[in-house]
C-alpha cells in the first residue's frame, strides 16, 4: 500500500512541474519553444507577432501580454509595440486619416483588407502602415499648393526608412531565410503588403515602383482562387489597375479578364437633360469613369487574347459607340450653356472643356489601337485627322496657361468627385481623381506629337506646383520629364 501511494505522489508532482507550463501563449499556440525574454519573447519579436505574455512560476508575475496593454490613445495597437514616437505617430496617422481617405476613395466598398489588424501580426505590413501614414501627413500639411521637397522634408525621410524596412521584411519573408517554417506570408498578407506599398509609391510619385508592386500583387491574387476573400482582392486590384492606367496614361494593364472589373466606377447612369455647368460636371465625371473601365477592359481582353482567349469584339464596338454617343450629347449641351459669374470666377468652363478634350483624345487613341490590332485599318476615319488632334493638344495648353496666369487656386473639395465623404472630417482627398487641369496637361506632356508642346506642358506642371485632389503637378511633371528624356535618348 505504501509503495502504491508513493507512485501516485510521484505522478502528481510530475504533473505539476512548471517546465511544461511556462512560455507565452503565442508560442504555445504555435508549438514553439519560448525563451521567456522580458517583456517580449524573442520568438514573437523576430516574427512580428503579438506576445501573449507568460507567468513567471517563481514569482507569479506576468510578463509580455501586449493584448492586455492597449493604450486609449490608439484604437488597436499598444504603445509598447512601437520602437519610437515616430512609429507611433505614423501608425496613428494611418488609423485616423489614411485608412479613412482610402475607404472614401473606394466609396466604402468592403474591398480593403484589415490593415491595422494585420499590422499587429506581420512586420512588413506594420512598417508599410507606418510609412504610408507618415506620407499622408506630409500631404495633409500642404493641402492645396504643392511644396514637395523630398531632400529637406524630415517626415519624408522617416517615411522612406519605414518603407525600406517594410520591403526588407517582405523580401525576407518571401525568401524563406528564417528557419521558422511558418514565416512566409499567407496570400492575403502578401497582397495586403503589396497594396500598402502601391499606396506609398503613388504618394511619392514612383511610377516604376507602382508597376512592380501591382504586378506582384496580381500574381499573389492567383493563390486565393475564387473564394469570397479572393474576389474582394480581385475587385480592389482591378480598380487599382484601372486607376494606374489613367494616372500614368498607360495603354496596357497588368491584369487580364480573370480579374473582374468592379462596378464602383462602371456608372451606366443616363445623362441628364438639364443645362447648367454643375450638372454637366457630374455628367462628365460619369463619362470619364465609364471610359476608364472601358479602357481597362480593352487592355485586359488584349492580354487575354495573347493567352489564347479571344476578345468579344461585338461588346467592344457597342461600348465604344455608347461612349461616343454620350460624349457628343454632352458636348452639345455644354456649348449651349451660358456660364454664370461664379462659373467664370472658378474657371469651370475651361476645366470642363479641357477634360472633355482629353477624354476624346483617350477614346480615339484606344479605338485606333483596337482597330489596328484587329488588322482592319491603320487609321480611324471617325477619330479625326492628325491636324485635328494637334488642335486639341494646342487648345488644352492655351486654356490651362490662361487659367494659371489668371491665378488659379484649386479647391480643397470638388463638386462631382464624391469628396463630400471627407469634407466633414477635414481630411484631404488624397485618392480622388477629380476633373483637373493637371491630367490634361500630363496627357499633352506624354502624347503630343510635337516635342515643343510636350516641353511646354511640363514647364507649366513644374513652374508653380499645385494639387487637385490626387493629382500633384510636381509629381506628374517629373514623370513626364523622365519619359521625355528617355524618348529623346532613344532617338
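Residue numbers (the UniProt record's numbering): 1 to 491.
Just so it is clear, CB atoms sit at the ideal spot from N, CA and C, and this is done for glycine as well.
What do you reckon, are the CB atoms on residue i and residue j nearer than 8 Å?
| i | j | result |
| --- | --- | --- |
| residue 446 | residue 480 | yes |
| residue 287 | residue 354 | no |
| residue 169 | residue 97 | no |
| residue 42 | residue 281 | no |
| residue 397 | residue 363 | no |
| residue 356 | residue 284 | yes |
| residue 200 | residue 128 | yes |
| residue 196 | residue 115 | yes |
| residue 122 | residue 189 | yes |
| residue 442 | residue 206 | no |
| residue 327 | residue 279 | no |
Use the C-beta contact count for residue i: other C-beta atoms within 10 angstroms, 16 or more gives buried, fewer gives exposed.
| i | result |
| --- | --- |
| residue 138 | buried |
| residue 471 | buried |
| residue 485 | exposed |
| residue 389 | buried |
| residue 226 | exposed |
| residue 133 | buried |
| residue 179 | The predicted model places residue 179 with a pLDDT of 48, which falls under 50 and marks its position as unreliable; any figure quoted below should be read in that light. Flag for residue 179 reads exposed. |
| residue 192 | buried |
| residue 409 | exposed |
| residue 110 | exposed |
| residue 325 | exposed |
| residue 345 | exposed |
| residue 475 | buried |
| residue 489 | exposed |
Check the DSSP bridge columns for residue i and list the partner residues they point to.
| i | result |
| --- | --- |
| residue 35 | DSSP, once it has assigned bridges, lists no residue as partnering residue 35. |
| residue 471 | 468 |
If you follow the alpha helix (DSSP H) that residue i is in, where does it begin and where does it stop?
| i | result |
| --- | --- |
| residue 337 | From DSSP, residue 337 is part of no alpha helix (DSSP H); its letter is neither H nor E. |
| residue 190 | 187 to 204 |
| residue 120 | Run containing residue 120: none; DSSP gives neither H nor E here. |
| residue 432 | No alpha helix (DSSP H) contains residue 432, which DSSP labels as neither H nor E. |
| residue 493 | Since the displayed the chain opens at 1 and closes at 491, residue 493 lies outside it and no answer follows. |
| residue 232 | 228 to 248 |
| residue 501 | As shown, the chain starts at 1 and ends at 491. That puts residue 501 outside it, with no answer to give. |
| residue 454 | 451 to 463 |
| residue 419 | Unbroken run through residue 419: none, as it is neither H nor E. |
| residue 106 | Looking at the DSSP string, residue 106 is not in any alpha helix (DSSP H), and its letter there is neither H nor E. |
| residue 221 | 207 to 221 |
| residue 399 | 386 to 405 |
| residue 448 | No alpha helix (DSSP H) contains residue 448, which DSSP labels as neither H nor E. |
For the ligand NAP, is there any heavy atom lying closer than 7 Å to the beta carbon of residue i?
| i | result |
| --- | --- |
| residue 413 | Looking for the ligand NAP in the displayed structure turns up nothing, as the structure carries no ligands at all. |
Figure out for me which residue from the options has the closest Cα to the Cα of residue i.
| i | options | result |
| --- | --- | --- |
| residue 187 | 427, 278, 211 and 230 | 230 |
| residue 451 | 394, 466, 438 and 467 | 394 |
| residue 338 | 330, 328, 329 and 349 | 349 |
| residue 365 | 219, 106, 298 and 109 | 298 |
| residue 154 | 131, 175 and 174 | 131 |
| residue 108 | 233, 369, 283 and 421 | 421 |
| residue 438 | 460, 425 and 233 | 460 |
| residue 276 | 342, 319, 327 and 407 | 342 |
| residue 319 | 244, 295 and 465 | 295 |
| residue 244 | 220, 292, 216 and 279 | 292 |
| residue 83 | 172, 249, 162 and 334 | 162 |
| residue 487 | 473, 454 and 36 | 454 |
| residue 211 | 172, 185 and 240 | 240 |
| residue 101 | 85, 203, 27 and 167 | 203 |
| residue 237 | 223, 185, 246 and 214 | 214 |
| residue 370 | 316, 387 and 402 | 316 |
| residue 158 | 85, 441 and 332 | 85 |
| residue 562 | 464, 413 and 425 | As displayed, the chain neither begins before 1 nor continues past 491, which places residue 562 out of reach and without an answer. |
| residue 361 | 431, 351 and 448 | 448 |
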